[in-house]
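**Q** Numbered as in my numbering, the sequence shown ends at 1457 without a single skipped number.
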Amino acid sequence: KNAILTMEWDVLPPEGASAAEKSLAEECKAWLAELPDFEDLLLGMMDAVLKGFANHEMVWGLQEKLLLPAQIDFRPQRWFTMDEG
1373 KNAILTMEWD VLPPEGASAA EKSLAEECKA WLAELPDFED LLLGMMDAVL KGFANHEMVW
1433 GLQEKLLLPA QIDFRPQRWF TMDEG
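(1) Please state whether DSSP places residue 1409 in a helix, a strand or coil.
(2) Does the segment 1421-1431 come within contact of the segment 1399-1411, defined as at least 3 CB pairs closer than 8 Å?
(3) If you reduce the DSSP assignment to three classes, tell me which class residue 1430 lands in.
(4) Could you give the distance in angstroms between the alpha-carbon of residue 1454 and the alpha-carbon of residue 1374?
(5) Among 1447, 1403, 1457 and 1452, which one has its Cα closest to the Cα of residue 1415?
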């Protein structure tokens, strides 16, 4: 799981993107980089590799008239069950 932290990440606009799409990709990258404990979030998401799924709850916050994820919290797999019916 720790190997994921050594990798570079980026948010890229689609091929042939307009100037607005390029700008939004940069904004999105900045929003992700500003999330508290982003590296812990990546490690938590890697639980899905061996366990089959990983659950996270997004806490939203208002920032300059934009509703953005302010925090993303890991939620244990044991909190979720499958309907056997």
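Just so you know, even glycine gets a beta-carbon here, dropped at the ideal spot from N, CA and C.
**A** Let's see:
(1) coil
(2) no
(3) strand
(4) 30 Å
(5) 1447
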